[in-house]
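A.B. asks: Submitted below is the structure of interest, expressed as structure tokens.
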Amino acid sequence: MEEREGEVRWDGLCSRDAATRAAALDTIGQAILRRSETIAPLAAVPPTRAADGLLAPAARDGLSELLARLLMLSKRCPFPDVREKSEAILSEVQELGIRIPRPLGHGPSRFIPEKETIQVENEDATMHALFADSFAALGRLDNVTLVMVFHPQYLESFLKTQHYLLQMDGPLPLHYRHYIGIMAAARHQCSYLVNLHVNDFLHVGGDPKWLNGLENAPQKLQNLGELNKMLAHRPWLITKEHIEQLLKTEENSWSLAELIHAVVLLTHYHSLASFTFGCGISPEIDCEGGHTFRPPSVSNYCMCDITNGYHGVDEIHASPTGSITSAESVCEVEALMEKMKQLQECRDEEEASQEEMATRFEREKRESMFVCSSEDEESAPARDVSRHFEDTSYGYKDFSRHGMHVPTFRVQDYSWEDHGYSLVNRLYPDVGQLLDEKFHIAYNLTYNTMAMHKDVDTSMLRRAIWNYIHCMFGIRYDDYDYGEINQLLDRSFKVYIKTVVCTPEKTTKRMYDSFWRQFEHSEKVHVNLLLVEARMQAELLYALRAITRYMT
376 MEEREGEVRW DGLCSRDAAT RAAALDTIGQ AILRRSETIA PLAAVPPTRA
426 ADGLLAPAAR DGLSELLARL LMLSKRCPFP DVREKSEAIL SEVQELGIRI
476 PRPLGHGPSR FIPEKETIQV ENEDATMHAL FADSFAALGR LDNVTLVMVF
526 HPQYLESFLK TQHYLLQMDG PLPLHYRHYI GIMAAARHQC SYLVNLHVND
576 FLHVGGDPKW LNGLENAPQK LQNLGELNKM LAHRPWLITK EHIEQLLKTE
626 ENSWSLAELI HAVVLLTHYH SLASFTFGCG ISPEIDCEGG HTFRPPSVSN
676 YCMCDITNGY HGVDEIHASP TGSITSAESV CEVEALMEKM KQLQECRDEE
726 EASQEEMATR FEREKRESMF VCSSEDEESA PARDVSRHFE DTSYGYKDFS
776 RHGMHVPTFR VQDYSWEDHG YSLVNRLYPD VGQLLDEKFH IAYNLTYNTM
826 AMHKDVDTSM LRRAIWNYIH CMFGIRYDDY DYGEINQLLD RSFKVYIKTV
876 VCTPEKTTKR MYDSFWRQFE HSEKVHVNLL LVEARMQAEL LYALRAITRY
926 MT
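So the sequence shown is residues 376 to 927, counted in this note's numbering.
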């Protein structure tokens, strides 16, 4: 934990041993206070100048980044001793006359009121174990984890899989893994994930020059750009020829095992970008947009907060559907449950013919092309994110626009269970098993509740959501009646699903609020878990089928 070349070391805080953490905190505190004392004389400026934001002395010598990290630890560390000591160090710095940061925003999600999320100091034993595992592995307890913990069983599987992909033995070196995460997240302009992995990339020894743009990375990673682009936006276009180009480019070629690792990472971060936008994940406290050094105004926010998109807490969580009465929302739930009951009765009475089932799939696939939001407009990606990928104009396109026909992908011909799982497990041992568990947990997860109703079988609804997502990707299950989708998913819900899955960067709070208005936030997060896993599996099916065809 020693301070090397002026660098403050944080690793010891991840230890499960309290004595190790205490020693690390002492070292960190001494290093930060030493820096603060050298800067403190510069902080002695007239109060009016300090308050108007003209001078933020802590910005000197990298101290502001250290203080932001301490702020994050004081709010987000699962170990109480670290939270308390971090707060104490910040107070000591403040007593020297140096302005300390405060959090911006309200909680881990812009869509979910903070009081309705799990508070770090109030978690139960199961959640605390998950928080400690996450902190020990990543050195942080991120906002994604704090929202996913609504569903601890899923979160445990997710963290285990992500840890294996990023940190355990595997075909790719550690810095490649984080760089591929950056490439994948950048396809959806997800600055939240890009920022996290830029820090991780540098922490494991990645070359900072690569962060100036994809053209500065090795040719081998540049070659992955085309596959990244198609997987994220039009996976049905991937062919065995694309796979062959990556595997046979002489000195910059990928091995099959490396390519499987890369494909799983790309699909993981494309789908995690969907979750990030779909749940309105806030910037991390210690990242840009997560804190400010400006003092709070009387109303508890200032103009700089407003320009960054942060408003009063009441405004942030005010529902745009105020004109919808509670009774109307309750009626929506009752109507949905009645439809589920009727569909079950119809299933029991008669089964549609194979021809009719195929027709209903094609109709639903065609109709899904015309589901788009009123907010659906082109937006240029921010430069700091777009530099991590090429061809910024390449995005999601529906199948049959401009007369282009894409054949239906029949799960009976190539499925995850019968084909993809074994291919992944063979080339990247244990990962097939981890992914399979995660898919099954998301698909089968239920508490047998719907809004205020208990003892409800939600399997029909979960299957409709999963199959609708796969239908948007052209993937068909022969044994499913796609007529059920229109019965169970209304237009506002379809708009939300399609946006989060295909163009997540365009998701708005209005979309989130407008579907399932009477349901709990935990149920909407559950929907997002289904979207994440169905999307990831759809991308994987197209990529793995192309790899299988190359191998045969």
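The beta-carbon is built from N, C-alpha and C at its ideal position, and this holds for glycine as well.
(1) Report the option in Glu742, Ile872 and Tyr818 whose CA atom is closest to the CA atom of Gly858.
(2) How would you label Ser461, buried or exposed, when you count the other beta carbons within 10 angstroms and need 16 or more for buried?
(3) Should Glu908 and Lys829 be called a contact, given that it needs their Cβ atoms to be closer than 8 Å?
(4) Within the same chain, show all residues whose beta-carbon is closer than 8 Å to that of Arg866, passing over the 5 residues directly before and after it, in chain order.
(5) Bridge partners of Thr824, per DSSP?
(6) Arg669 and Ala511 - do their beta-carbons sit closer together than 8 Å?
(7) Quick one: Cα of Pro804 to Cα of Leu541, how far?
(8) Across which residues does DSSP place Thr667 in a beta bridge pair?
(9) Could you tell me which uninterrupted beta strand (DSSP E) segments, each at least 3 residues in length, are contained entirely in the stretch 586-616, listed from first to last along the chain?
(10) Can we say the stretch 596-605 touches the stretch 633-653, given the rule of at least three CB pairs closer than 8 Å?
(11) Distance check for Gln862 and Leu836, CA to CA, integer angstroms please.
(12) Does the separation of the CB atoms of Ser649 and Leu906 fall below 8 Å?
(13) Determine which residues share a DSSP beta bridge with Ser484 and list them.
(14) Using the DSSP secondary-structure output, state which residues sit across from Arg458 in a beta bridge.
(15) What does DSSP give as the partner residues of Arg785 in its beta bridges?
(16) Under 8 Å, with one C-beta from each stretch per pair, do the stretch 626-644 and the stretch 458-477 reach the 3-pair mark?
(17) Which residue's Cα is closest to the Cα of Leu878: Tyr567, Ser834, Gln537 and His608?
(18) Measuring alpha carbon to alpha carbon, tell me which of Leu864, Phe848, Val638 and Tyr843 ends up nearest Tyr855.
(19) With 8 Å as the threshold, decide whether the Cβ of Glu619 is near any Cβ in chain C.
(20) Starting from the Cα of His636, find the closest Cα among Asn800, Ser466, Gln469 and Lys450 and give me that residue.
(21) Could you work out which residue in Glu792, Val806, Leu864 and Asp661 is closest to Ala443 when comparing CA atoms only?
(22) Beta-carbon within less than 8 Å of Pro527's beta-carbon, same chain only, minus the 5 sequence neighbours each way: which residues are those?
(23) CB-CB under 6 Å to Arg758, same chain, minus the five flanking residues each way: which ones, in chain order?
(24) Thinking just about the alpha-carbon of each residue, which of Glu726, Tyr567, Phe894 and Asp517 is nearest to the one in Cys708?
(25) When burial is assigned at 16 or more other CB atoms within 10 Å of the CB, is Gln719 buried or exposed?
(26) If distances are taken between C-alpha atoms only, which option among Lys450, Val457, Asp499 and Glu467 comes closest to Leu479?
C.D. replies: On the basis of the coordinates in this document:
(1) Glu742
(2) Counting the other Cβ atoms within 10 Å of the Cβ of Ser461 gives 16 or more, which makes it buried.
(3) no
(4) Beyond the five residues adjoining it in sequence on each side, Arg866 comes within less than 8 Å, by CB distance, of Val746 in the same chain, given in chain order.
(5) Residue pairing for Thr824: DSSP places it in a beta bridge opposite Lys829.
(6) Contact: no.
(7) Cα to Cα, Pro804 sits roughly 14 Å from Leu541.
(8) Arg477
(9) none
(10) yes
(11) 10 Å
(12) yes
(13) Ser484 has Ile656 as its beta-bridge partners, per DSSP.
(14) Answer is none; Arg458 lacks a bridge partner.
(15) Arg851, per the DSSP bridge assignment.
(16) no
(17) Rather than Leu, the amino acid found at residue 878 in this sequence is Thr. Here the closest residue by C-alpha is His608.
(18) Tyr843
(19) Of the chains in the structure shown, none is chain C; there is only one protein chain.
(20) When each option's Cα is compared against that of His636, the closest is Asn800.
(21) Of the listed residues, the one whose Cα sits closest to Ala443 is Asp661.
(22) Thr501, Met502 and Leu505
(23) Because the pLDDT of Arg758 is 44, which lies under 50, any placement of that residue in the model is unreliable, and the question is left without a value.
(24) Here residue 708 is Val; the residue named in the question, Cys, does not match the sequence. Looking from the CA of Val708, the closest CA among Glu726, Tyr567, Phe894 and Asp517 belongs to Phe894.
(25) exposed
(26) Lys450
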